[in-house]
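Protein chains in written order, with the working numbering: chain A, 7 to 199; chain B, 889 to 1277. Beta carbons: idealized from backbone N, C-alpha and C, even for Gly. Bear in mind that the values here come from a model prediction, so they are computed numbers and not experimental data. What follows is a set of notes on a single structure, which appears directly below.
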Amino acid sequence: MIRVAVVDDHPALRAGLQTVLDAEPHIVFVGESDGAEENIWPMLTRVRPDVVLLDYHLPRGDGLQLCYRIKKDVPAPRVIIFTAYASPAMALPATLARADGVLAKGAGARDLFSAIRLVYAGEQLLPPISATVLEEATADLYGDDPALIGMLLDGAGEADVAQTLRIPVKDVRHSVQRILSALRIDVPAARAE
Amino acid sequence: MRTARGEHPSRRDRWSVRDAESRWLTLYVAARLAATAFAAALVTWGGLGPGDLLLLLYGPLSTAILVAFPAVRARPAAWALDSAIALACVLAYGDWRSPFYLLWLTTLALPAIAVAPRRGLWLGLGASLAFLVVAIIGGPAWGSLQVSSAETLAIHLSLPLLLVPSLAYATDALRRLDRERSERERLAIEAERQRIAWELHDSAKQRLHAAHLLVSSLHGRVADDVARSVDRAAVELESAASEMDTSLAELRSPLEGRPLDEALRSRADELAPDGRPAIAIRGRAPALSPLVAAHVYRIASEAITNALRHADATTIDVAIEAVDGHLRLHVHDDGRGLPPTRRPGASGLFAMESRAATIGGSLVVSPREGGTGTTIALDVPLNDHGGTA
Chain A
7 MIRVAVVDDH PALRAGLQTV LDAEPHIVFV GESDGAEENI WPMLTRVRPD
57 VVLLDYHLPR GDGLQLCYRI KKDVPAPRVI IFTAYASPAM ALPATLARAD
107 GVLAKGAGAR DLFSAIRLVY AGEQLLPPIS ATVLEEATAD LYGDDPALIG
157 MLLDGAGEAD VAQTLRIPVK DVRHSVQRIL SALRIDVPAA RAE
Chain B
889 MRTARGEHPS RRDRWSVRDA ESRWLTLYVA ARLAATAFAA ALVTWGGLGP
939 GDLLLLLYGP LSTAILVAFP AVRARPAAWA LDSAIALACV LAYGDWRSPF
989 YLLWLTTLAL PAIAVAPRRG LWLGLGASLA FLVVAIIGGP AWGSLQVSSA
1039 ETLAIHLSLP LLLVPSLAYA TDALRRLDRE RSERERLAIE AERQRIAWEL
1089 HDSAKQRLHA AHLLVSSLHG RVADDVARSV DRAAVELESA ASEMDTSLAE
1139 LRSPLEGRPL DEALRSRADE LAPDGRPAIA IRGRAPALSP LVAAHVYRIA
1189 SEAITNALRH ADATTIDVAI EAVDGHLRLH VHDDGRGLPP TRRPGASGLF
1239 AMESRAATIG GSLVVSPREG GTGTTIALDV PLNDHGGTA
């Protein structure tokens, strides 16, 4: 059984996902959260899911920041970023946030099931990071950030990166979080608040 | 329906401005003619001389010219000439307490409404001084004022000084008010669009995704007799979600109130910030309704993006022109041209074509004449309001 938790701010989507996931053999819906701090962490520690379906655009906070923090857990669940705006530009931040996959919300149920199974089996379902995406992203960054991104993309651990750049591991984590917010892709229709 | 929200207030605004302009012209003509009639009455009362008729003709004649030729009405040289001739009439009458004084005053109105308030003050002062000079050299006795009453002279001198700056100030205030109102309306519309867009994205679209998931999960699980309906429903839901994306994109109004050519120029700067490839945007866009402008903008930027991505073009040339009630947009590139057959799943061209069809236009994609590359030609018929019928 693959235990799946859903983090999405919209109740209709959570309910739909629950119905769909429960109907699929070998996949079970174990928990849900609207992404608010006070219920997501209790839910994750209580149900210990194998796979988390995580919305990218959460009204309070950023799906990728959340992903990065979830992945710090040991043992960390697999995380699929489930987004209404899957764009090639998301490849880089999703990789940095150590997501295991990116899936468009418009995908059908079969794609969803196969994504969950593949990610559970340990595969990475991330879009390739094209040269253009990397070029555009590094234009927004400064200092050691491009070097740090390069090392992380090469698969270096945070400890190695910290050692190479001669900074504490904590600072590497902060840098990644800062880079994630710099690379945040805004919802096309900005919230009118 | 979306566009109606964005369109009506601005159109109403434009009309009201036009109405105000024609009302103002009527008032101005009436003032000039009244001043002339007043002069005629006074001249006749004082005994009509042979030269006086000629002087009296100037009022109606000049008014007719100003009404008939808006181009003349807009020229500062014409204002100066008009004012000078009216002052000459005062001079020719041989007395500064002239019947033509009022006509001269009305000639100051055209420059007064065109200048900034501060300049209006100087203009009023200048006019006042000019009249003083005329009063000194004009008569009744050359070189001396012959002030029968100091009050009359004071009134004659202070009227332009009061009228010109206050007219200038009032026009400026009205203009500012109008600008602020349309800006406020634009912002309100913008906020409303943002709100609708957010609601669509936040709620309706998520529900569509949920419904699509639910329906598509039935695939292969239902009996054959309903399987086709279920699959069809899944396709419909998927298209609804992607159509909603399009609507959302339009609500975001890519032009942000800028004219089409300006928006395309800044898009070109975004796409090729270092000028490579060279993207030239030529021509000026006519006034367009928001929907037409948004679609044309997206067609043009899609064409530019295609030329950049798939054709490796080094120069891209975008020409916008309005001819005979049609908007024509041409995008030429010198890239490697179109593949002989359409790639399966190449939705870019299809999307451009359907955008063109949405606004009643046609899109022709062809190899560039005399060379490599591609030409995309868009033709959209426009009605009076820059929208489509």
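{"query": "Return the CA-CA distance between A:Leu38 and A:Ala110, expressed in angstroms with no decimal places.", "result": "Reading off the sequence shown, one finds Glu at residue 38 of chain A, where the question assumed Leu. Their Cα atoms are separated by approximately 19 Å."}
{"query": "Which parts of the region 95-176 of chain A are runs of the beta strand (DSSP E), unbroken and 3 residues or longer, counting only runs that do not cross its ends?", "result": "107-110"}
{"query": "For chain B, is any of its Cβ atoms less than 8 Å away from the one on A:Leu118?", "result": "yes"}
{"query": "Closest to A:Leu98 by CA distance: which of A:Asp40, A:Leu147, A:Arg172 and A:Val34 is it?", "result": "A:Leu147"}
{"query": "Thinking just about the alpha-carbon of each residue, which of B:Leu1051, B:Gly1213, B:Glu1068 and B:Thr1202 is nearest to the one in B:Leu1009?", "result": "B:Leu1051"}
{"query": "Please classify B:Ile1167 as buried or exposed, where buried requires at least 16 other C-beta atoms within 10 Å of its C-beta.", "result": "buried"}
{"query": "What is the DSSP secondary structure of A:Asp79, reduced to helix, strand or coil?", "result": "coil"}
{"query": "If you follow the alpha helix (DSSP H) that B:Asp886 is part of, which residue opens it and which one closes it?", "result": "Nothing about residue 886 of chain B can be read from this structure; chain B reaches only from 889 to 1277."}
{"query": "Across the region 969-987 of chain B and the region 939-949 of chain B, are there enough close Cβ pairs to call them in contact, namely three or more that are closer than 8 Å?", "result": "yes"}
{"query": "With 8 Å set as the bound, which would you pick, yes or no: does the beta-carbon of A:His16 sit closer than that to a beta-carbon of chain B?", "result": "yes"}
{"query": "Determine which residues of the region 1113-1135 of chain B have a Cβ less than 8 Å from any Cβ of chain A, and write them out in chain order.", "result": "Ala1122, Glu1126, Ala1129 and Ser1130"}
{"query": "My output table needs one value for B:Glu1039: the three-state DSSP class, helix, strand or coil.", "result": "helix"}
{"query": "Leaving aside the five residues before and after A:Ile185 along the sequence, list all residues of the same chain whose C-beta is less than 8 Å from its C-beta, in chain order.", "result": "Pro99, Leu102, Leu147, Asp151, Leu154 and Ile155"}
{"query": "At a Cβ threshold of 8 Å, is B:Ala1195 touching chain A?", "result": "no"}
{"query": "Per DSSP, which one or two residues make a beta bridge with A:Phe35?", "result": "A:Val10"}
{"query": "For the region 53-67 of chain A against the region 81-100 of chain A, are there 3 or more C-beta pairs whose distance is under 8 Å?", "result": "yes"}
{"query": "Is DSSP giving B:His1220 helix, strand or coil here?", "result": "strand"}
{"query": "Between which two residues does the alpha helix (DSSP H) holding B:Thr1202 run?", "result": "From DSSP, B:Thr1202 is part of no alpha helix (DSSP H); its letter is neither H nor E."}
{"query": "Taking only the alpha-carbon atoms, compute the straight-line gap between A:Gly112 and B:Ala1122 and give it to the nearest angstrom.", "result": "11 Å"}
{"query": "Do we get a CB-CB distance below 8 Å when we pair B:His1097 with the residues of chain A?", "result": "yes"}
{"query": "Hey, out of B:Ser1105, B:Arg1007, B:Glu909 and B:Leu930, whose CA is closest to B:Arg961's CA?", "result": "B:Glu909"}
{"query": "Spell out a yes or no on whether the region 915-925 of chain B and the region 986-994 of chain B are touching, meaning 3 or more CB-CB pairs, one atom from each, closer than 8 Å.", "result": "yes"}
{"query": "Check whether the region 1016-1028 of chain B touches the region 948-964 of chain B, counting contact only when three or more Cβ pairs, one atom from each stretch, lie closer than 8 Å.", "result": "no"}
{"query": "Taking buried to mean at least 16 other C-beta atoms within 10 Å of its own C-beta, is A:Met7 buried or exposed?", "result": "exposed"}
{"query": "What three-state label does DSSP hand B:Ala1181 in the structure shown?", "result": "helix"}
{"query": "Do A:Ala105 and A:Ile87 have their C-beta atoms closer together than 8 Å?", "result": "yes"}
{"query": "Please go through the same chain and pick out, in chain order, the residues whose beta-carbon is closer than 6 Å to the beta-carbon of B:Ala1265, but skip the five residues on each side of it.", "result": "His1218 and Val1252"}
{"query": "Would you decide whether B:Pro958 is buried or exposed? Buried here means 16 or more other CB atoms lie within 10 Å of its CB.", "result": "exposed"}
{"query": "Are there 16 or more other CB atoms within 10 angstroms of the CB of B:Ser971, so buried, or fewer, so exposed?", "result": "buried"}
{"query": "Mapping DSSP to helix, strand and coil, what is B:Ile1169?", "result": "strand"}
{"query": "Drop a sphere of 10 angstroms on the beta-carbon of B:Leu1017, count the other beta-carbons inside from all chains shown, and report buried for 16 or more, exposed for fewer.", "result": "exposed"}
{"query": "Let me know if B:Glu1124 comes out buried or exposed under the rule of 16 or more other beta-carbons within 10 Å of its beta-carbon.", "result": "exposed"}
{"query": "Might you give, ordered along the chain, the residues of its own chain that have their beta carbon closer than 7 Å to the beta carbon of B:Ala1099, omitting 5 neighbours on each side?", "result": "Leu1125"}
{"query": "Determine the direct distance from the alpha carbon of B:Met1240 to that of B:Leu1143, and round the result to whole angstroms.", "result": "17 Å"}
{"query": "Checking contacts by CB at 8 Å: is A:Thr25 closer than that to chain B?", "result": "yes"}
{"query": "Helix, strand or coil: which one does DSSP assign to B:Gly1155?", "result": "The identity of residue 1155 of chain B in the sequence shown is Arg, whereas the question assumes Gly. Helix."}
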